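Have a look at the structure below, then the notes.
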Amino acid sequence: DYLVDGAGVAWLLEVNAFPDFKQSGEEQTELIRGLFEGIVEVAVRPFFELAKEEEEVDRTGRDARMVKVLDVDLGRR
């Protein structure tokens, strides 16, 4: 869940273990699909050392839709 303040800055409030996206409605379907696709590209694929899908990578080599802001060492070697 996010909160956007009066200056337009987004603040992360919490991360739900089992989010309920049904309440978001049909109009949010594509947004939510893009969120999950972005999470896979930014966090899941690199964790398992899988290559990114080429069409989703911009000229800098980053995912064009999302930016990783935290990198935590989970002890995987």
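Mapping of the sequence shown onto our numbering: position 74 corresponds to residue 60, and the numbering continues sequentially without gaps. Note that CB positions come from ideal geometry on N, CA and C, so glycine has one too. Values in this document were obtained by computation on a predicted structure and should not be read as measured data.
When A37, P32 and L36 are compared against D57, the one with the closest alpha-carbon = P32
inquiry  = Assuming contact is defined by CB atoms lying nearer than 8 Å, are V28 and K54 in contact in what I supplied?
reply    = yes
key: Candidates G24, D(-13), L36 and A37, of which the one nearest F4 by Cα   = Comparing Cα-Cα distances from F4 to each of G24, D(-13), L36 and A37, the minimum goes to D(-13).
task = Have a look at the DSSP bridge pairing and note the partners of L(-2).
result = Y(-12)
task = Could you please give the first and the last residue of the uninterrupted alpha helix (DSSP H) stretch that includes F22?
result = T15 to I25
query = DSSP three-state call for P32: helix, strand or coil?
reply = Helix at P32.
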